[in-house]
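A.B. asks: To start, I am sharing the structure in question, which I have written as structure tokens.
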Amino acid sequence: MKTAGIYGFYPVVDDVRWLRRFLPLGVRTIQLRIKERSEAEIRRQIREALAVAADYDDCQMIINDHWREAIREGATWLHLGQEDLADADQMAIAAAGIKLGISTHSSSELAQALEARPAYVALGPIYETTLKKMSWAPQGLERLSGWKSRCVVPLVAIGGISLERAPAVLAAGADSIAVVSDVLHAPDPDERVRVWLDLFRERP
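Residues in the sequence shown are numbered consecutively from 30, following the numbering used here.
Next up, the structure:
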């Protein structure tokens, strides 16, 4: 997974319309995470998202959860949670040449994730998040640093991370920061994306 420069900024969006707004601004790592839609709508959105991303060189267009559709539509990136990982056909995913990212919340989950030889590992929530109900308490920056010492692949931090918190998260060892609410719920999402991209461009 590329994480240098703007590739380290990793917005997670719930509709393909966000791709049409954010990719022209310079976003090059993005995840489409669709919940509670019909199968036909999910397939349509994935197909459209991949078509939109194809117009941007080296865009890391990541599909969340829907591994069958990702294979069918020719995706090259997939993100799975632990339960989804257990249910997914990992051999079929690998045979399709899809690079895999995996969510982790505990040491045992990290070990399971690394066994799957992912392209990256995500740790979260780093901070309290209201985006969805979580069974896990905030992991914090100390846990993030510990994860970094164990990871042989890029480490993505997610959960409650605002632009103001981002420098501390990067200093703790995150290679990439996945962002949801701080962008999608901003008064001006496009401007918020521009500032995030500037932060990553300025990284040493």
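Beta carbons are placed, not taken as given, at the ideal position from N, Cα and C, and that holds for glycine. Computed from a predicted model, the values in this text were never measured in an experiment.
I'd like the span of the alpha helix (DSSP H) that includes V182, first residue to last.
C.D. replies: Locating residue 182 in the sequence shown gives position 153, counting from the first residue. Counting along the chain, V182 falls outside any alpha helix (DSSP H), and DSSP gives it neither H nor E.
A.B. asks: If you pair each beta-carbon of the segment 111-130 with each one of the segment 76-83, do three or more pairs fall below 8 Å?
C.D. replies: Flag = no, the segment 111-130 and the segment 76-83 do not touch.
A.B. asks: Kindly provide the ranges of any alpha helix (DSSP H) runs that are 4 or more residues long and lie completely inside the segment 121-197, ordered along the chain.
C.D. replies: Correct list: 136-144, 169-179.
A.B. asks: Pull the bridge partners of M90 from the DSSP assignment, please.
C.D. replies: By 1-based counting over the sequence shown, the position of residue 90 is 61. Bridge partners of M90: I59.
A.B. asks: Between which two residues does the beta strand (DSSP E) harbouring S205 extend?
C.D. replies: Walking along the sequence shown from the start, residue 205 turns up at place 176. That run of the beta strand (DSSP E) goes 205-208.
A.B. asks: Using a 10 Å radius around the Cβ and a threshold of 16 neighbouring Cβ atoms, would you call D227 buried or exposed?
C.D. replies: Sequence index remark: in the sequence shown, residue 227 carries index 198 (1-based). It is exposed - the Cβ of D227 has fewer than 16 other Cβ atoms within 10 Å.
A.B. asks: Have a look at A148 and A80 and give me their C-alpha separation to the nearest angstrom.
C.D. replies: As a first step, residue 148 must be located in the sequence shown, where it is residue number 119. As a first step, residue 80 must be located in the sequence shown, where it is residue number 51. When rounded, the distance between both Cα atoms is 22 Å.
A.B. asks: If I measure Cβ to Cβ from G303 and keep anything under 6 Å in the same chain, skipping five residues before and after, which residues do I get?
C.D. replies: The structure shown does not extend to residue 303, since the chain is modelled only from 30 to 233, so the question has no answer here.
A.B. asks: My guess is that I100 and A123 are in contact by the Cβ rule of under 8 Å, so how many angstroms apart are they, rounded?
C.D. replies: Along the sequence shown, one-based indexing puts residue 100 at 71. Along the sequence shown, one-based indexing puts residue 123 at 94. Not confirmed; about 10 Å, so no contact.
A.B. asks: Do Y156 and G189 have their C-beta atoms within less than 8 Å of each other?
C.D. replies: Looking up residue 156 in the sequence shown gives position 127. Looking up residue 189 in the sequence shown gives position 160. Result yes, Cβ atoms of Y156 and G189 sit closer than 8 Å.
A.B. asks: Just grab the DSSP bridge partners of L109 for me.
C.D. replies: Reading the sequence shown from its first residue, position 80 is the one you call residue 109. I131.
A.B. asks: Closest by CA to P154, which one among A215, S135, A145, R179?
C.D. replies: Here residue 154 refers to the residue found at position 125 when the sequence shown is read from its first residue. Checking every option, the nearest Cα to that of P154 belongs to S135.
A.B. asks: Could you give the distance in angstroms between the alpha-carbon of L173 and the alpha-carbon of A186?
C.D. replies: As a first step, residue 173 is located in the sequence shown; it is residue number 144 there, counting from the start. As a first step, residue 186 is located in the sequence shown; it is residue number 157 there, counting from the start. Roughly 8 Å separates the two Cα atoms.
A.B. asks: Which residues in the same chain have their Cβ closer than 6 Å to the Cβ of A82, if we skip the five residues on either side of it in sequence?
C.D. replies: Walking along the sequence shown from the start, residue 82 turns up at place 53. Excluding positions up to five away in sequence, the list reads C88, M90.
A.B. asks: Give the C-beta separation of A145 and T133 to the nearest angstrom, bearing in mind that I take them to be a contact with Cβ-Cβ under 8 Å.
C.D. replies: Your numbering for residue 145 matches position 116 in the sequence shown. Your numbering for residue 133 matches position 104 in the sequence shown. With a Cβ gap of about 11 Å, A145 and T133 do not count as contacting.
A.B. asks: Can you check DSSP and say which residues form a bridge with V41?
C.D. replies: Taking the first residue of the sequence shown as position 1, residue 41 is located at position 12. Note: V41 sits in a beta bridge opposite Q60.
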